[in-house]
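What the sequence shown shows, in mature numbering (1 follows the signal peptide of the UniProt record, and there is no 0), is residues -21 to -1, 1 to 511, in sequence order. Glycine is no exception: its CB is placed at the ideal position from the N, C-alpha and C atoms. First up is the structure itself, then whatever we jot down about it.
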Amino acid sequence: MSSPALPVLLLLLFLVAATAAAAGDDAKRDDQRAPKSQSCNNPFQLVKVENWIDGVEGRIYNGVTARFGTLLPQKPENSVRTPAIFSNPVDCCSNSTSKLSGSVALCMRGGCDFTVKAEFAQSGGATGMLVINDAEDLFEMVCSNSSEANISIPVVMITKSAGEGLNKSLISGRKVEILLYAPPRPLVDFSVAFLWLMSVGTIVCASLWSDLTTPEKSDERYNELCPKESSNAATARDDFDKEIVNIDSKGAIIFVIAASIFLVLLFFFMSSWFVWVLIVLFCIGGIEGMHNCIVSLTVRKCQDCSQKTVSVPLFGETSIFSLVVLLFCVAFAIFWAATRQESYSWVGQDILGICLMITVLQLARLPNIKVATVLLCCAFVYDIFWVFISPVIFHESVMIAVARGDKAGGEAIPMLLRFPRLFDPWGGYDMIGFGDILFPGLLVSFAHRFDKDNRRGLSNGYFLWLVIGYGIGLVFTYLGLYLMNGNGQPALLYLVPCTLGVTVILGCIRGELKSLWNYGTDASLSAEHSEV
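Here's what the structure looks like:
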């Protein structure tokens, strides 16, 4: 079911995946540029807003504290259940005519500074203040200048929909009570271990895929008995070899430049419809990848499965088994796209993504370490620039903004592996971009081919050591992520030295760097090492 357009499509998806070459989570970041003073220097806390309607527990809302005011307790038992009431005027920009004493004041955003609202609520006797945002996100409330903010009550922002829910109950004359607390996020969430296993496992599977999918009935005796089947298998292998794209140095540089241009376009013009285009592309690539993985693994065990064919318009003679698998993959991708907002959608996204990356790593190859050095060094600079340096120019990290979907109504691009934070009271996901798997994966796949061509074992080859290096690089990536309070990390900052660096060091120690550097271009060196 392949076509000449397949390599182009998958490499296009590789280009899009490169825009998500950063590891991170979906936690909010502190606004370090905000003015600070001694009384306006609080860390932003994520807040649980529990509420009771006429004594019946309602939905729990999320909020975020301000830079000023008192900090909230971490446990609900250390907080106090308090009545809630709307201030009058509702923007809290002047003294309230409604009695706020002993209550949590509800205020609408806008009209005056956040500190002014808090001062009026506090002067009215309120025990806390909830600011209702005018959008479905949580704005980080800061002081308007560096003057002192003498606020001694907690100030929390909630989303527009949360405010509407509370307002609906208050308008109907029902009693609303509020309890505020801020459970901390765990320093380490062990869900990253599963993400680590998926990332390392994807690279290992992609590198060993040709070995894993070689038909078991491939011996000479079987070929003699079944010449037609062996001929079909050889033809299929020849067709696949024609689809392989060997990356060269010039192509590597152009690729990274193109990825940068595409990333900037996404940053400025990304919208929900643009993300839908990426979702469709992801589904098409995921369908092809999943189809390729299922068929190749099944045919290895049962070559007879591919013998029965049927004539299909546009595709010609097609294996019935392949067609059935294709229909299943299409249904799977459509189901994921339709339910991508559900809590379980990460499973389908990860399955499609892993299959896609395995297929891409079969079709795109590095011929030698020279090209690998050009590609990975360019990707190394690319990743660091768009995560750490781009805020100087664009006032925020371009890659993190694109990965989170900040300008697409929260619709994140799907070129990410995700795993839910199971031990985090706030939930959310740990994520890693496809680029952080594909770029090092190209080098690891080359190392496996080099070891196989030169008949190397695990200990005296390069493949095992690069897999270990990649795994250690991921550990460093997540260590950096936690040390920087959940801010997105340019994973290639750690992965390139741990993979390309390991290759160069081993090559120097073994005296094989020249062979690795010119592999595939110097026939004499290749032949010499083939005899070792």
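Considering Cα atoms alone, identify which of Y441, S424, I313 is closest to G265. Nearest C-alpha to G265: I313.
By the three-class DSSP mapping on this structure, what secondary structure does L453 have? helix
Test item: CB-CB of I258 and R319 under 9 Å: yes
List the residues that DSSP assigns as beta-bridge partners of L159. V28
The segment 329 to 347 contacting the segment 174 to 192, beta-carbon criterion three pairs below 8 Å: yes
Taking the straight line between their C-alpha atoms, what separation do you get for D227 and V353? 9 Å
To which residues of the same chain is D92 closer than 6 Å at the C-beta, ignoring the five residues directly before and after it? S123
Check S298 in the structure and name its three-state DSSP category. strand
7 Å Cβ shell around E507 - same chain, five flanking residues per side excluded: Note that E507 has pLDDT 45, beneath the 50 cutoff, so the model's placement of it is unreliable and no number is given.
Check the DSSP bridge columns for Y40 and list the partner residues they point to. V28
Rounded C-alpha distance that separates S140 from F367: Each residue's CA atom was taken as its position, placing S140 and F367 some 34 Å apart.
Check whether the segment 299 to 314 touches the segment 375 to 385, counting contact only when three or more Cβ pairs, one atom from each stretch, lie closer than 8 Å. no
A161 and T44 closer than 9 Å at C-beta: Yes; because the gap between Cβ atoms is below 9 Å, this pair is in contact.
Is the distance from the Cβ of A63 to the Cβ of E143 below 9 Å? no
For P419, count neighbouring C-beta atoms within 10 Å of its own C-beta (all shown protein chains included) and say buried if the count is 16 or more, exposed if not. Burial call: buried.
F247 classed as buried or exposed, judged by whether at least 16 other C-beta atoms fall within 10 angstroms: exposed
Alpha carbon to alpha carbon, how far is L51 from D190? Give it in angstroms, no decimals. Across the structure, D190 and L51 are spaced so that their CA atoms are roughly 57 Å apart.
Keeping to the same chain, check which residues put their C-beta closer than 7 Å to that of D329; ignore five residues upstream and five downstream. M177, L396, R397
In this structure, does DSSP put V259 in helix, strand or coil? helix
Starting from the C-beta of I451, find all residues in its chain whose C-beta is less than 6 Å away, skip the five residues before and the five after it, and write them out in chain order. Taken in chain order, the residues that qualify are C477.
Coil, strand or helix - M120 by DSSP: coil
Option in Q468, G332, C281 with minimal Cα separation from W365: Q468
Between I299, V171, K493, which lies nearest to T288 when the distance is taken from Cα to Cα? Ranking I299, V171, K493 by Cα distance to T288 puts I299 first.
Below 6 Å CB to CB, which residues in the same chain sit around C71 once its five sequence neighbours on both sides are set aside? C86, K96, F99, A100
Rounded straight-line distance, which links the Cα of T482 to that of I488: 10 Å
Which same chain residues end up closer than 7 Å to F118 when comparing Cβ atoms and leaving out the 5 residues on each side of it in sequence? N112, M136
DSSP state of C19, grouped into three classes? strand
Any idea if T94 is buried or exposed, counting beta-carbon neighbours within 10 angstroms, 16 or more meaning buried? buried
Specify the secondary structure class of N225 as computed by DSSP and reduced to three states. strand
By DSSP, does R489 sit in helix, in strand, or in coil? Residue state, collapsed to three classes: helix.
Suppose only complete runs of 3+ residues qualify. What are the beta strand (DSSP E) ranges in the segment 66 to 107, listed by chain order? 83 to 87
Could you compute how far the alpha carbon of K349 sits from the alpha carbon of S424? 15 Å
Take residue 512 and list the residues in its own chain whose beta-carbon comes closer than 6 Å to its own, dropping the five residues that flank it on each side. What the structure shows of the chain is the stretch from -21 to 511, and residue 512 is not part of that stretch, so it cannot be assessed.
Please state whether the Cβ-Cβ distance between V377 and V243 is less than 9 Å. Yes, Cβ-Cβ distance for V377 and V243 is below 9 Å.
Tell me which residues share the same chain as C262 and place their Cβ nearer than 8 Å to its Cβ, disregarding the 5 neighbours each side in the sequence. Excluding residues within five positions, the ones whose Cβ falls inside 8 Å are A312, I313, W315, A316, L331.
Local conformation of S275 per DSSP, three classes: In the structure shown, S275 sits in a helix (DSSP, three-state: H, G or I).
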